[in-house]
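To start, the structure under review is shown below, and the notes come after it.
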Amino acid sequence: MYLILGILIILFAYSRMRRKNLEKQVELFNRLLYKEKSPQKYIDEVDKLLLKVQSERETSINYIQKTTGLLYAGRFEEVVDILNNRVKKIPSNWQAVYYHNLLLSMYFNGDVEKANQSMVQARETLDLYGKKDYSTVTIKLTYAVSDFYNGNFSECREFFMDLIDISKNDYRVAFGCYFMGKILEAENKTDDAQVYFEKAKTYGQGSFMEDFQR
0 MYLILGILII LFAYSRMRRK NLEKQVELFN RLLYKEKSPQ KYIDEVDKLL LKVQSERETS
60 INYIQKTTGL LYAGRFEEVV DILNNRVKKI PSNWQAVYYH NLLLSMYFNG DVEKANQSMV
120 QARETLDLYG KKDYSTVTIK LTYAVSDFYN GNFSECREFF MDLIDISKND YRVAFGCYFM
180 GKILEAENKT DDAQVYFEKA KTYGQGSFME DFQR
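Here it is, written out as C-alpha cells:
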C-alpha cells in the first residue's frame with residue numbers, strides 16, 4: 000500500500016515538474032519569436048531540444064515548432080523538407096500548425112501548383128480542426144493565403160482586414176498588412192498599397208516580411 004502511494008506521489012511530482020518545464024519552454028519560445036522578434040534565436044532553442052533523447056512524438060512536435068521559426072525566417076524550402084521528411088506522423092492537435100507551415104511555405108516560395116495539391120489532401124483535416132477554437136485563426140489564415148495565390152481576392156480580403164485587428168502577435172498583423180497591400184496593388188491602388196506594405200515591414204521586423212516582394 001505504502002509502495003503504491005509512494006509511486007503515485009513520485010509520478011505526480013514528475014508530472015507537475017514536467018508541466019512547469021513545458022510552460023517555461025513555451026514562454027521562452029514566445030518571447031524569442033514574438034517579443035524579441037528573433038526567428039533565429041527561436042530556431043536555436045528548438046535545435047537544443049532536438050539534440051535530447053525524446054519520444055518520436057516529442058521529436059515530431061519539435062520539428063513542427065522549428066518550422067514555425069524557419070517560416071518567419073523565410074527559409075521556406077527547409078520548412079517543406081523537414082515537414083515532408085522528418086515528421087513521420089503528425090501528432091494530434093498539431094495538424095493545423097503542420098499544414099499552415101507547409102502550405103504557406105509552398106505558396107510564399109512560388110510553388111502554387113504543389114501547394115494546391117497539398118491543400119486538396121489537407122482540406123479534410125483542416126476542416127475537422129477548424130471547429131476547434133484554438134485552431135480557427137490558423138486554419139482561416141491558411142485558406143485565405145490559398146485564396147490569394149489563386150486569385151480569389153473577394154474570398155480573402157475581409158479576413159486579411161480582420162487579421163490586422165484580431166491578431167495576438169505582430170507577425171500575423173504583418174501578414175494581414177502584406178496581403179492587403181498586394182490586393183490593393185492588384186487593384187492599381189498603389190498609394191494605399193504602399194501604406195500597408197510599410198506597416199507589414201514594421202510589424203514583421205526580424206522576419207522575411209521586412210523585404211518580401213512575392
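One point on numbering: in numbering that gives the first Met the number 0, the residue at position 78 of the sequence shown is 77, and numbering is uninterrupted.
C-beta atoms are modelled at their ideal positions from N, C-alpha and C, and glycine is treated no differently.
Annotation for Tyr106: Ala114, Val144 and Tyr148 place their beta carbon closer than 6 Å to its own, counting only its chain and skipping 5 residues before and after.
For the 7 Å CB-CB criterion, Ser117 and Leu103 do not form a contact.
Where Tyr170 is concerned, the enclosing alpha helix (DSSP H) starts and stops at Asp169 to Ala185.
A direct Cα-to-Cα measurement between Gln39 and Phe159 gives close to 26 Å. Annotation: Pro90 to Ser59 spans about 7 Å, alpha carbon to alpha carbon. The C-alpha of Asp191 is placed about 7 Å away from the C-alpha of Gly180. DSSP, read as helix, strand or coil, puts Pro90 in coil. For Ser166, the closest C-alpha among the options Lys139, Glu209 and Ser206 is that of Lys139. Residues Lys36 and Asp169 of the same chain have their beta carbon placed closer than 8 Å to that of Gln204, with the five preceding and five following residues left out of the count. Annotation for Gly73: no alpha helix (DSSP H) segment contains it, and DSSP assigns it neither H nor E. For Phe158, the enclosing alpha helix (DSSP H) stretches over residues Phe152 to Ile165.
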